[in-house]
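First residue of the sequence shown? That's 888 in this note's numbering, and the numbers climb one at a time after it.
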Amino acid sequence: MPNTEQIVRQLDILRTLVARRYGVTLKELAELYDVTQRTISRDLDDLSEAGFPIYPDRRGNKNYWHLEPYKQMPPLNFPIEEIIALTFIEGMISPLEGPSFKEEFKKTVNRIRTTLPKKAREFLERAGAAYYPHVRRQKSQTSPEIFEIANKAIADKKICRVTYHAFSTGQTKTYPICPLRFLYYHNGLYLLCLLPGKDSLLTLAAERIQDLEISSEAFEIPSGLSVEDKVGQAFGIIFEDPIDVKIRFSASQVPYIRERIWHPSQEIEELDTGDIVLSFQAGGFFEIKSWIMSYGAQAEVLEPENLRTEVVAELEKNMAIYKKR
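Have a look at this one:
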């Protein structure tokens, strides 16, 4: 089974083949993705076996690989339960209103439906009405233009100049970034990036990006940086060094805490009182504090001490506000 890095590279190769209509050599692809030509050859074989119409065009003494975008993919037969699942998913992607993927997904689903008998299509139309996306606290839409530019920069590993409005400072600034990928979190899109020459991750709310311009300068991800590891360590989208957290939840909250995975590193300890202690290692002090406080008196920070102190101070401020009346 292909690993995540391989899948991401193969998707980027497809984008490259679409962009370079006159083809690209194995050597060029290998240099672009910093892998061997043999690896690229295997990637192209995998994509061809998956049904993508990729062919070499011999010019001179070189093969130029290209994708035939207008060639029909092999016919696909979908079991009815899978098509129903697509109907459900179609209703769930409403938060992605801005990016073009939503429209492309709808076109794909409709194309699949046209292969069905009339009664089956009518049934799916009725079934689709049963699924309602109950979306709240959705963030502002991301500009489709910004989204497309960022995706191209990510694929080509090009430095960009971003004009960004930061709520924390209230200022709008323009500066260079190295865009890595998009993250979807709490009904919003975020652009994960690096500052040139730095190895600490930066997260930009996509809807606050006012302008994005791709430069001709390429960038390389620092050899010691694993984006997947950093994302895995974070509690949310703030990337800080992980801290050891222990929270005691009252017995009334135990069923709700148990039914979710709050962080991949979590462990649960049962207490004789019926309470539980949830432990995990994650970065993002502010996000962790805000999440704990949402449980009010049903949650108590046991560790670390500075997090407990911060929560107590915040609660005291809240009490001072309410005691004014």
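All residues carry an ideal CB built from backbone N, CA and C; glycine is no exception. Note that the coordinates shown come from a computational prediction; the quantities given were computed from them, not determined experimentally.
- Item | Distance CB(D933)-CB(I1033) smaller than 9 Å | no
- Task: Have a look at K1211 and N1205 and give me their C-alpha separation to the nearest angstrom.
- Result: 10 Å
- Item | Continuous alpha helix (DSSP H) assignments of at least 4 residues falling wholly in the stretch 1131-1159 | 1141-1145
- Item | Test item: CB-CB of E1174 and F1122 under 9 Å | yes
- Task: State the start and end residues of the unbroken beta strand (DSSP E) segment that holds P1109.
- Result: Note, P1109: premise wrong, no beta strand (DSSP E); not H, not E.
- Message: Quick check on the DSSP output: the beta strand (DSSP E) that includes I1096 runs from which residue to which?
- Response: I1096 to A1105
- Message: Please classify D930 as buried or exposed, where buried requires at least 16 neighbouring CB atoms within 10 angstroms.
- Response: buried
- Message: Determine whether the beta carbon atoms of I1179 and V1164 lie at a separation below 9 Å.
- Response: no
- Message: Helix, strand or coil for Y920? Go by DSSP, reduced to three states.
- Response: helix
- Task: Could you tell me whether the stretch 1150-1168 touches the stretch 1103-1112, where touching means 3 or more Cβ pairs closer than 8 Å?
- Result: no
- Going straight from the alpha carbon of Y1077 to that of D899, what length do you get? 19 Å
- Could you check what DSSP says for F1034 in three-state terms: helix, strand or coil? helix
- Taking C-alpha atoms, which residue in E990, T1002, L1202 and R1068 lies nearest to K1117? R1068
- Message: In chain order, what are the residue ranges of uninterrupted beta strand (DSSP E) at least 3 long that sit wholly in the stretch 1064-1091?
- Response: 1075-1081
- Message: Just list the residues that DSSP pairs W952 with in beta bridges.
- Response: V911 and P943
- Using three-state DSSP, classify D930 as helix, strand or coil. helix
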